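Structure record follows, encoded as structure tokens.
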Amino acid sequence: MPTAHVYKKDHINTDEIIPARYLNTDDPQELARHCLEDLDSSFVQKVRPGDLIVAGEDFGCGSSREHAVWAIRAAKVGAVIAQSFARIFYRNCINCGFYPIELPNALELIDDGDQLSIDYQQGLIHNLTKGRTIHFDPLPEFALQIIRDGGLLEHIKKGQSMQGGRSK
Amino acid sequence: MQTITEKILARASGNSKVSPGQLIEARIDIVMGHDVTLPPAIAMLERHGLDRVFDPERIVITPDHFQPAKDIASAALHKRLDQWARRHKIRYYYPIGRAGVCHALLPEQGHIRPGEVIVGGDSHTCTYGALAAFATGIGSTELAAVIATGRLWFKVPASMKIELVGHLPEGVYSKDVILEVIRQIGTDGARYMAMEFTGPALAQMSMEARMTITNMAIEAGAKSGIIGFDEVTRAYLQGRLKGRQDYVVFESDPDAQYASHITVDCSKLEPMVALPHLPSNGRPISACAGLQIDQAYIGSCTNGRIEDLRIAAGILKGHQVSIRTLIVPATPAVWKQAADEGLLDVFYDAGCVIAAPTCGACLGGFMGVLAEGERCVSTTNRNFVGRMGHPTSEVYLASPATAAASAIEGRLADPRRYL
Chain B
1 MPTAHVYKKD
11 HINTDEIIPA
21 RYLNTDDPQE
31 LARHCLEDLD
41 SSFVQKVRPG
51 DLIVAGEDFG
61 CGSSREHAVW
71 AIRAAKVGAV
81 IAQSFARIFY
91 RNCINCGFYP
101 IELPNALELI
111 DDGDQLSIDY
121 QQGLIHNLTK
131 GRTIHFDPLP
141 EFALQIIRDG
151 GLLEHIKKGQ
161 SMQGGRSK
Chain W
1001 MQTITEKILA
1011 RASGNSKVSP
1021 GQLIEARIDI
1031 VMGHDVTLPP
1041 AIAMLERHGL
1051 DRVFDPERIV
1061 ITPDHFQPAK
1071 DIASAALHKR
1081 LDQWARRHKI
1091 RYYYPIGRAG
1101 VCHALLPEQG
1111 HIRPGEVIVG
1121 GDSHTCTYGA
1131 LAAFATGIGS
1141 TELAAVIATG
1151 RLWFKVPASM
1161 KIELVGHLPE
1171 GVYSKDVILE
1181 VIRQIGTDGA
1191 RYMAMEFTGP
1201 ALAQMSMEAR
1211 MTITNMAIEA
1221 GAKSGIIGFD
1231 EVTRAYLQGR
1241 LKGRQDYVVF
1251 ESDPDAQYAS
1261 HITVDCSKLE
1271 PMVALPHLPS
1281 NGRPISACAG
1291 LQIDQAYIGS
1301 CTNGRIEDLR
1311 IAAGILKGHQ
1321 VSIRTLIVPA
1331 TPAVWKQAAD
1341 EGLLDVFYDA
1351 GCVIAAPTCG
1361 ACLGGFMGVL
1371 AEGERCVSTT
1381 NRNFVGRMGH
1391 PTSEVYLASP
1401 ATAAASAIEG
1411 RLADPRRYL
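Protein chains in written order, with the numbering used here: chain B, 1 to 168; chain W, 1001 to 1419.
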């Protein structure tokens, strides 16, 4: 069952998620080895496939490096749940087909080590440890469509306009 | 009743007007890529069978983060970028030798026009808003999408008005102003918004000084920073534009709607230093002078232009630095101008290292990486944990004047005593 790795911190930036000293490669597997290195050097040892990162406000602020999303995804993190996201990171997630879950009081509702299961269709997080179900606001339809298609480029290849409708 | 940002986005999306929160698809006028974010975008395009460019005249490319190559891996990035740019006959490709820090290079070389929509695979793309354009940073997937289609989706941002009033005191610069703005509103104070800077203090600032302000809009979480068109803009653009010579001037209506409004009285400011580890940790120099430091860095897309080097040289002239001091002109033209004006002599005489244009040290890449526990006073824009090197190293953001004065004393120092 996916486990929450909770960082009770705001403004976790892309330099902490993947330091620039590793940006001389865009190989996701290599990036994954350094995921969150300057925030928590033990993260890559303890994360299990499908686990979740939970954090405070403004997650992913700073550099536009999409390497941050690739590093998290290649570390097999299932999703990031944050109280809010910085805008470029948020767009990068959607465009990579990786669902960013915005939950305004995430740090009150989820503790480190909690077992969670996520229902993206219904916009629900089941906190199995606490026996509680949490609602989150789903992404807007056009963003969901990009995620369903597997990312922005797949979406474009399908002939969808970027706003969601058929392009003319 | 529209803001300049709404008017630019309305035009680019073929609408008569747009409103904050509205989703639009906009035509992109210029797209910028560099050595870290473009090579992965190229790989995606090839992988998806989209190996095409929407317009080779509207794509501007320069390696800058790790140029000249810092190691074998970054040399491979440069090789991928170079081969792709030549194969697609990218008209404005700046290979090593003409390459510079992208956000200094594109305005300097005349690629930024008022009224246009510019995106770049770099968060500090917001710099270009100083020229009355809408400019924002994007990731590699979006870079690939724009290169292939020339279009991108946006949510129209609400605007925040930042009014700058009062005369800047001597020794206080636009860098101090933007550090004060970010101190007031926080690193997510303008999240998702367009920061629109106005006011009489701005009217007195040069275009280069204005670019320091819009450069750091992202450090308040903004989507873009923008400054309206005026005589300073017109004079800067005169004879500079490459290719198309026309541009459209938009201005905010007097009754345009703003999500919030702040006023900063510049006459009350002191030189500012943002302490680790957030750009919002600004303090007046009087509150932090004397702290011992190990390195000074003067350069970057925030403060690596010729005026910045003139300010630094003005302080350093006739003095010796007492710590490692790196001077990195942001572009080859800045480097040459600094040489022609004798500024490089001043830096050499003072004991500084003078490097080729690169982003290198700003992001802990190369050419000035910090060791464990070291402190650097830096004219850059980010002081996050590990930003310039070891995770325990520290970055203190300041103006070129404050960095130069601190380089002389080996501790954070007030530049006003050297004026």
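Ideal placement from N, C-alpha and C gives every residue a C-beta, glycine not left out.
Quick caveat: nothing in here was measured; it's all calculated off a predicted structure.
- In this chain, the beta strand (DSSP E) harbouring B:D119 covers L116 to D119.
- The DSSP-derived three-state label of W:P1200 is helix.
- Annotation for W:S1393: L1370 and E1374 place their beta carbon closer than 6 angstroms to its own, counting only its chain and skipping 5 residues before and after.
- Around the Cβ of W:M1367, a 10 Å sphere holds 16 or more other Cβ atoms; the residue is buried.
- A Cβ-Cβ contact shorter than 8 angstroms links W:V1031 with W:G1120.
- For the region 1180-1196 of chain W, the beta-carbon criterion of a distance under 8 angstroms to any beta-carbon of chain B is satisfied by T1187, D1188, R1191 and Y1192.
- Out of W:G1364, W:C1301, W:Y1418 and W:H1319, the CA that lies nearest to the CA of W:T1125 is found in W:C1301.
- At least 8 angstroms separates the CB of W:V1264 from every CB of chain B.
- Rounded to whole angstroms, B:L116 and B:M1 show a C-alpha spacing of 7 angstroms.
- Rounded to whole angstroms, the separation of the alpha carbons of W:P1271 and W:A1256 is 33 angstroms.
- If you draw a straight line from the Cα of W:Y1094 to the Cα of W:G1299, it comes to about 19 angstroms.
- Contact with chain B is absent for W:K1017, since none of that chain's Cβ atoms lies less than 8 angstroms from the residue's Cβ.
- In this structure, DSSP gives B:H5 an extended state, which the three-state scheme calls strand.
- DSSP lists W:R1411 as the beta-bridge partner residues of W:Q1292.
- Chain W has a Cβ within less than 8 angstroms of the Cβ of B:E66.
- Pairing W:I1408 with W:T1379, the inter-Cα distance amounts to about 15 angstroms.
- Interface criterion met: the Cβ of W:R1382 is under 8 angstroms from a Cβ in chain B.
- Under the rule that a run must span 3 or more residues, the beta strand (DSSP E) segments found entirely inside the region 1029-1066 of chain W read 1030-1033 and 1059-1061.
- At a cut-off of 8 angstroms, the C-beta of B:S63 has a neighbouring C-beta in chain W.
- Rounded to whole angstroms, W:L1202 and W:A1144 show a C-alpha spacing of 36 angstroms.
- For the set W:E1219, W:T1402, W:P1332 and W:T1331, the Cα lying nearest the Cα of W:L1316 is the one of W:T1402.
- Per the DSSP secondary-structure output, W:D1265 pairs in a beta bridge with W:V1165.
- The Cβ of B:C35 sits no closer than 8 angstroms to any Cβ of chain W.
- For W:L1106, the enclosing alpha helix (DSSP H) starts and ends at C1102 to E1108.
- Judged by beta-carbon spacing, W:S1123 lies within the 8 angstroms limit of B:G62, meaning their Cβ atoms are closer than that value.
- Looking at the DSSP output, W:Y1092 shares a beta bridge with W:V1060.
- Within the region 45-63 of chain B, those residues whose Cβ lies closer than 7 angstroms to any Cβ of chain W are, in chain order, E57, D58, C61, G62 and S63.
- Residues of the region 1060-1074 of chain W whose Cβ lies closer than 8 angstroms to any Cβ of chain B, in chain order: H1065, F1066, K1070, D1071, A1073 and S1074.
- The DSSP-derived three-state label of B:L23 is coil.
- Taking a contact as a CB-CB distance under 8 angstroms, the pair W:Y1092 and W:K1242 counts as one, their CB atoms being some 7 angstroms apart.
- Contact check for W:A1026 against W:V1117 passes: the beta carbons are separated by less than 8 angstroms.
- In the displayed model, W:A1132 falls within coil according to three-state DSSP, outside both helix and strand.
- By the rule that beta-carbons nearer than 8 angstroms mark a contact, B:P100 does not touch chain W.
- Distances from the alpha-carbon of W:G1100 to those of W:Y1418, W:K1089 and W:V1060 put W:V1060 closest.
- A contact is defined here as three or more CB-CB pairs under 8 angstroms, and the region 7-19 of chain B meets this definition with respect to the region 44-59 of chain B.
- Of B:G50, B:T25 and B:A20, the smallest CA-CA separation from B:L36 is found for B:A20.
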